[in-house]
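So the sequence shown is numbered by our numbering: it starts at 1473 and just counts up by one. Structure first, then comments.
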Amino acid sequence: MREGLVGLLERFGHQVLAAVTDAPSLVQAVGEQRPDIVVTDVRMPPGLQDEGLRAAVALRAEHPGLPVLVLSQYVQRSYAAELLESGDGSGVGYLLKDRVGQVEEFLGALGEVADGGTVVDPEVVRQLLRRRRDPLERLTPRELEVLALIAEGKSNSAIARQLVVSDAAVGKHISSILSKLDLPPADDIHRRVLAVLAYLRS
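Spelled out as structure tokens, the structure:
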């Protein structure tokens, strides 16, 4: 993948200052070469976890304004969010590796990031929008269980008996549910009903 990417970039007129195999080498190369943009994988040796992403975030902190394009095998919303939050949010990109094969699209994204723009893979955007449409995804399994029992019309005490927990624990779960569903206290709105409606729509 690395060699193919180097060949692609050079074929289209880009100068590749360094092509490294691990995160420490990436940090060192950036310090020595001062590139116009960094392209890195999320996963890099030595651990093959998220070393590349961590290096990218650290580099943006050490070199403000450094454009970084991160490639990932799979959609990881948390990775995309962390990258976008680094620096001032400009000059960053998060793409799936499949996009590299779509040469024009990839080179366009590279240029956009190098110019200070922000590029997020369309699949990541779709997943974020899907998550936004379904607020129940924010709830834990136990909170979903409590909400299901509320939907059945059970009182807090009845829910506590069924789940074998205290009334106070049920109250905390319900408070968390209402908060995660963006249902603030209001005199003219029955928040439990709105929570149940959100559950039934899902």
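Cβ coordinates follow ideal geometry from the N, Cα and C atoms, glycine included. Only a predicted model underlies this, so the values are computations on that prediction, with no experimental measurement involved.
Residue 1554 holds the alpha-carbon nearest to the alpha-carbon of residue 1533 among 1554, 1488, 1584. A distance below 8 Å between beta-carbons, with the five flanking residues on each side excluded, links residue 1666 to the following residues of its chain, in chain order: 1653, 1655. Assignment of residue 1566 by DSSP, reduced to helix, strand and coil, places it in the strand class. The beta strand (DSSP E) runs of length 3 or more contained entirely in the region 1489 to 1573 are, from start to end of the chain, 1510 to 1513, 1540 to 1544, 1564 to 1568. Distance between residue 1557 and residue 1630, taken at the CA atoms: about 43 Å. Between residue 1589 and residue 1537, the alpha-carbon positions lie close to 11 Å from each other. Residue environment analysis places residue 1507 among the buried positions, since at least 16 neighbouring C-beta atoms fall within 10 angstroms of its C-beta. Between residue 1522 and residue 1551, the C-beta gap is smaller than 8 Å, which places the two residues in contact. Annotation for residue 1585: 1509, 1539, 1540, 1541, 1563, 1564, 1565, 1591 place their beta carbon closer than 8 Å to its own, counting only its chain and skipping 5 residues before and after. With distances taken between CA atoms, residue 1480 lies nearest to 1579 out of 1671, 1579, 1567. Taken through DSSP and simplified to helix, strand or coil, residue 1575 comes out as helix. When the beta-carbon positions are compared, residue 1671 and residue 1619 come within less than 8 Å of each other. Taking the Cβ atoms as the reference, residue 1516 lies roughly 5 Å from residue 1495, within the contact range of under 8 Å. In this structure, residue 1531 sits away from residue 1567, with a CB-CB distance that is not shorter than 8 Å. In the three-state DSSP reduction, residue 1665 falls in the helix class (H, G or I). Annotation for residue 1615: 1645, 1648, 1649 place their beta carbon closer than 7 Å to its own, counting only its chain and skipping 5 residues before and after.
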